[in-house]
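Under our numbering, the first residue of the sequence shown carries the number 652, and numbering increases by one thereafter.
All C-beta atoms, glycine included, are put in the ideal place defined by N, C-alpha and C.
Just so we're clear, the structure is a prediction, and the values are computed from it rather than from any experiment.
In what follows, a structure is listed as structure tokens, so that the remarks can point back to it.
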Amino acid sequence: MTTRAVVIGCGHYLPSRVVENAEFEATLDTNDEWIKSRSGIERRHFAAEGETTSSMATAAAQAALKDAGLGPDDVDAIVLATSTADFTFPSAATMVQAQLGMTSGYAFDVQAVCAGFIFALTNANALILSGQAKRVLVIGAETFSRIMDWTDRSTCVLFGDGAGAVLLEAQDGDGTASDRGVLSTDLNSDGRHRDLLYVDGGVSTGTTGYLRMQGNQVFRHAVGKLAATATTAMERAGVTAAEVDWIVPHQANIRIIQGTAKKLELPMEQVVVTVQDHGNTSAASIPLALSVGRDRGQIKPGDLIVTEAIGGGLAWGAVVLRW
């Protein structure tokens, strides 16, 4: 028998404020068609005053626990992926732990920007496989609206806020690709490309800073690296693209999503796409898409899923799992 980390619950949270593309026309030299044609984004959600990364993460975690029919005392660990934690420290994960009323176990943050959920899921899988946890909440949550330069039309129209969560549980499998749960992972980073996507603030500057991105360069790296990491993860899982039911990619840009699907020789009909409604929610985008895809009736038990992401660092990776 083989231990597998199986998804037994998922959920998400989106702020109530919806910002349509047209709202930017009053302050920027842009319009709905310009934004849609370059990104596929039509709208996004922005956190309200007083709404934080940890509060949204808590709401998503509560939804995942409810979906699983379990409570916070049934969880051993929380791994939270975010680049926009409420404070420098403590971790947002420990704040979620407190807000859930979880008084045992442990919680920590993972920071890999848009690839954060892939890195968090891989770490949670390792905790389960090593016997250090039986159930792990894996959360992606971001408030990128608070690190935007509202004069930069090339970036501020792309991002949104939200949170998504999955609950993993250790279950026995046969050690084959037919098992439910995480089948393989692949992580990568290359710090030489830091200047392509970063925030120009932090402890060294004494400011929060703003997101800066060389969009064309990020795009150039994204499609090739995403297709390569997905292929590596599938090879490790012992599956082929023909067996995949769904790609659930990081929702950054529809052209990146389309380009990656083409390289993997999978039709867009097998890709869960939410970028039009959420924009780029960084580490939250994949768990959001998993939860929304499940709610839409796209993702069903037994489906083979490939999920991949790339973000600042550069950091990128993929996970193959059976729902």
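For residue i: DSSP bridge partner residues
i	result
Gly832	Arg973
Asn931	Phe810
Gly985	The structure shown has nothing for residue 985, since the chain only spans 652 to 974.
Ala656	Ala821
Arg694	Glu671
Trp801	Partner(s): none; Trp801 has no beta bridge.
Trp967	Asn839 and Ile961
Phe989	The chain is shown only over 652 to 974; residue 989 falls outside these bounds and no answer can be derived.
Ser850	According to the sequence provided, residue 850 is Val. The question's Ser does not apply to it. DSSP, once it has assigned bridges, lists Leu862 as partnering Val850.
Ala816	Gly662 and Ile790
Ala897	Residue identity check: residue 897 is Trp in the sequence provided, not Ala. Paired residue(s): Ile956.
Distance cut-off 7 Å: residue i Cβ against heavy atoms of the ligand SAH
i	result
Leu862	Among the components modelled here there is no ligand, and therefore nothing to report on the ligand SAH.
Beta carbon of residue i nearer than 8 Å to that of residue j
i	j	result
Leu941	Val970	no
Ala935	Ala792	yes
Val833	Val787	no
His872	Leu965	yes
Ala763	Ala732	yes
Val657	Arg831	yes
Leu838	Leu716	no
Val747	Ile790	yes
Ala638	Ile961	With the chain represented from 652 up to 974, any question about residue 638 goes unanswered, as that position is not in the structure.
Asp823	Met707	no
Ser619	Leu778	Residue 619 cannot be examined here, being either before or after the span of the chain that is shown, 652 to 974.
Asp760	Ala744	yes
Arg863	Asp680	no
Ile798	Thr709	no
Ala728	Gly756	yes
Ile950	Trp897	yes
Asp928	Glu674	no
Gly866	Gly860	no
Val874	Ile905	no
Boundaries of the beta strand (DSSP E) in which residue i is found, first to last residue
i	result
Leu955	Leu955 to Gly962
Gly791	Arg786 to Thr794
Val924	No beta strand (DSSP E) holds Val924; DSSP gives it neither H nor E.
Minimum Cβ-Cβ distance from residue i to chain D less than 8 Å
i	result
Gln822	Absent from the structure: chain D. Only one protein chain is present.
Residue i classed as buried or exposed, judged by whether at least 16 other C-beta atoms fall within 10 angstroms
i	result
Arg845	exposed
Arg947	exposed
Pro835	One detail in the question is off: residue 835 reads as Ser in this sequence, not Pro. With 16 or more other Cβ atoms within 10 Å, it is buried.
Arg843	exposed
Lys876	buried
Asp812	buried
Phe740	exposed
Gln713	buried
Ser705	buried
Thr773	buried
Run of the alpha helix (DSSP H) containing residue i, from where it starts to where it stops
i	result
Arg947	Ser936 to Arg947
Gln748	Ala743 to Leu751
Ser705	Thr704 to Ala719
Phe768	Gly767 to Leu780
Arg906	Ile905 to Lys914
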